[in-house]
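In numbering that gives the first Met the number 0, the protein residues as written are 0 to 570. The structure appears below as structure tokens.
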Amino acid sequence: MDRTDRLLARAARWMALLRLTRTVVVCLSIGTAAIVLARAMALLTSLELPWGAVWAWAMGAAVVVAVVWTWMTRPNTLAIARRVDEGAGLRESLSSALVVRGQDDPWSKATAQHAERLAGGVVLRQAIPAAMPRLWPAPLLAVGVFFLLGLIHPVDVFGWGEKQAAVEQEAQELQTAKQTLAETNEAVKQADALLAELGSEMAKPDEPADTPTAEPRTPEQLRVEAARKLTSAANKLENLRGEHEKKLDAVRQKFARLKTPPNTPQELGEFMQAMQKGDLSEAKNALQKMQDAMQSGEGMTPEQQEQLQQAMEQMAQQLQQLSKQQDALEQALADAGLDRNLANDMNALQQALQNAQNLNQAQKDALQKMAQNQQFANQQCQNMAQACQNMAQGQNAQQMAQAMQGMAGQLSDLEMMQMSMKDMQAQMANLQKLMGQAGQCTNPGQADAMNWFSKGQPGGGKSGLGEGGGQMDSEAAAFKLKKDKAIGQNQGGPIVGSTLIEAGQIKGESVQQFSEAVQAGAAEASQAIEEMTVPREYQEAVKGYFEELNGTVHESAPAETNEPAADDSDE
């Protein structure tokens, strides 16, 4: 029965292929119908699903289920023989031969031989013809319906899509806030390290704010904490940078008053010009050239050495005089109603400021800082004068070169203070950048409109959902910060804006407020004149202006206090 067995084996494979085809079509129909139903539900709930992945998983699952189902429902050999008998019209010849197989009686042998002869003439595709499954249009129809549904605008009937979008947005905001807080902690740590390196008392960490300790924390709480830390660190850096800047400005204003003595050697002249301009780096380089020339013993005759010593002696005298000049501070104290001589005694000045009843706290702080800056500048002038005196008293070039090292050290200290200001400025720029990130929401100015954007750039997409084609994202370019101060003139430009306030006024209040404003402005103007912020041609005008204002204040105060007494006498 070799022919019969081969025929039945081929028939089993052919029937399995036909059944697999029908099962795949049925499974695909069910899967596509389920996807169409999910698409319809998504339209009603505004939920977005990864449809590409959904289709891939659905098609793969349909094929796997069809293969498994075909294998599990496969027919046995006798059923296959009956199907071939029916299709080929063999009148149960093959199935009967299978039943009597192994029997030795003549009828059984004759039946097997008859089936063997018939098996050779069976055409399998004619006996079991292939036909298209009746459900084959169903998957194609479902695909068409799916794309038609994609043209319909979704409607969130149950509000599920809005809730899901809110949850995703909150999770994204929480992740962004955590990342910003981590960057904030690192930046604050670097700022505290810089403050500690500069020996500032501001390097102490702030007290922790009253924030809930339960987890997870909200994005708003994280942003508030990050903003608090960044603001505190930025204020510390700004205060210290402002103190250093005012101290350096006071020193530069002192150096700007230096005058080059006659018959000054060229090297010393370059040094003094750099000092007058306030260029510490150039002054240090010029001083280094003189020191190298003296140590090498070349290029300086005894006459030149004597001229240098005389010039150094004159420079020391100028610096000593500058260390005693405190005109701006004395004028500010006089304008504030305090004794001018307090400028020479810091302890007495501090006590007088504490006891001053006519000054507010801002005015006291301004005078205190102004006095500290002047004291720092005077100390620098005294140190430089001592170094110049040592150079003038040097017996030879080597001793003068050694004396220059002290002056070079002072310039190095001032230059390091200047470099620390640049470091603080860079740290502040980083903190400002992080503060901008901490103050932004996830989609600033777009609200829920992100749900209507395709996967390309908003407003820049082209045909097809998610095909992109928009412009590239912008990237931050490399940049440098350069802080420069320029003295300009008022060109009489237009008024930007004005404010009119209509309200009642208490008698005498305007005079008191005006007096306080005049005193504060006079102190700031005196400091500005001392620091050469005001051009020379306007300094006398500024002084005269505030003197006239002070006279107006003194004239107005008695008039207001005497009016009630006059009224009482009339009554």
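Where a beta carbon is used, it is the ideal one built from N, C-alpha and C, also for glycine.
Sixteen is the threshold: when 16 or more other Cβ atoms of the shown chains lie within 10 Å of the Cβ of T3, as they do, the residue is buried. M271 sits in a helix when the DSSP states are folded into three classes.
Counted as a single uninterrupted DSSP element, the alpha helix (DSSP H) harbouring V23 occupies residues D1 to T44. Taking a C-beta distance under 9 Å as the contact criterion, K368 and A355 do not qualify as a contact pair. Judged by their CB atoms, W135 and L46 are not nearer to each other than the 9 Å cut-off.
Rounded to the nearest angstrom, the gap between the Cα atoms of A402 and Q306 is 16 Å. Approximately 43 Å separates the beta-carbon atoms of A118 and L140; this is outside 8 Å, ruling out the contact. Within 10 angstroms of the beta-carbon of V67 lie fewer than 16 other beta-carbons, which makes it exposed. If one requires a minimum length of 4 residues, the alpha helix (DSSP H) runs lying completely within the region 255-342 are 265-276, 279-295, 301-323 and 326-334, in chain order. Around the beta carbon of L48, fewer than 16 other beta carbons lie within 10 angstroms, which makes this residue exposed. Excluding its 5 nearest sequence neighbours in each direction, A391 has C-beta neighbours in its own chain below 6 Å: Q308, M311 and E312, listed in chain order.
Between A186 and L430, the C-beta spacing is below 9 Å. For Q538, the closest C-alpha among the options S525, K276 and L279 is that of S525. Note that the region 531-545 does not touch the region 341-350; fewer than 3 beta-carbon pairs, one per stretch, sit closer than 8 Å. Taking C-beta separations shorter than 8 Å and ignoring five residues to either side along the sequence, the partners of A39 in its chain run L148, following chain order.
The criterion of a C-beta distance shorter than 9 Å is satisfied by M427 and E237. Linking Q178 to P218 through their CA atoms gives a straight-line distance of about 11 Å. When only Cα atoms are considered, S280 and L328 end up about 29 Å apart. In this structure, the straight-line span from the alpha carbon of L239 to that of A249 is close to 15 Å. Under the 10 Å beta carbon count, M418 is surrounded by fewer than 16 other beta carbons and is classified as exposed. In the DSSP assignment, Q371 falls within the unbroken alpha helix (DSSP H) covering Q360 to A391. Shortest Cα-Cα distance from R227 to any of L197, T183 and V23 involves T183. Setting aside the 5 residues that flank it on each side, A126 is surrounded in the same chain by V83, G86 and A87, each with a C-beta closer than 6 Å to its C-beta; the list follows chain order.
Runs of the alpha helix (DSSP H) spanning 4 or more residues and lying entirely within the region 105-181 occur at 105-118, 123-126 and 136-148, in chain order. In the structure shown, the three-state DSSP call for A355 is coil.
Take R256, set aside five residues on each side of it, and the residues of its chain with a beta-carbon closer than 7 Å to its own are L321, in chain order. Here E269 has A285 as same chain residues with Cβ atoms under 6 Å from its own Cβ, once five neighbours each way along the sequence are excluded. Inter-residue distance for Q374 and L173 is about 51 Å (C-alpha atoms, whole angstroms).
Around the CB of F146, fewer than 16 other CB atoms lie within 10 Å, so the residue is classed as exposed. Non-local beta-carbon contacts of V64 in its own chain, meaning distances under 7 Å to residues more than five positions away in sequence, involve C26 in chain order. Q171 counts as exposed, since fewer than 16 other beta carbons sit within 10 angstroms of its beta carbon. Distance from L337 to A370 at the Cβ level is roughly 11 Å; contact not present, criterion being Cβ atoms closer than 8 Å.
A distance below 9 Å separates the beta carbons of A386 and M406. With a threshold of 16 other beta carbon atoms within 10 Å, V154 falls short and is exposed. Excluding five sequence positions before and after K253, the CB atoms of its chain that fall closer than 6 Å to its own CB belong to L321, A376 and C380, given in chain order.
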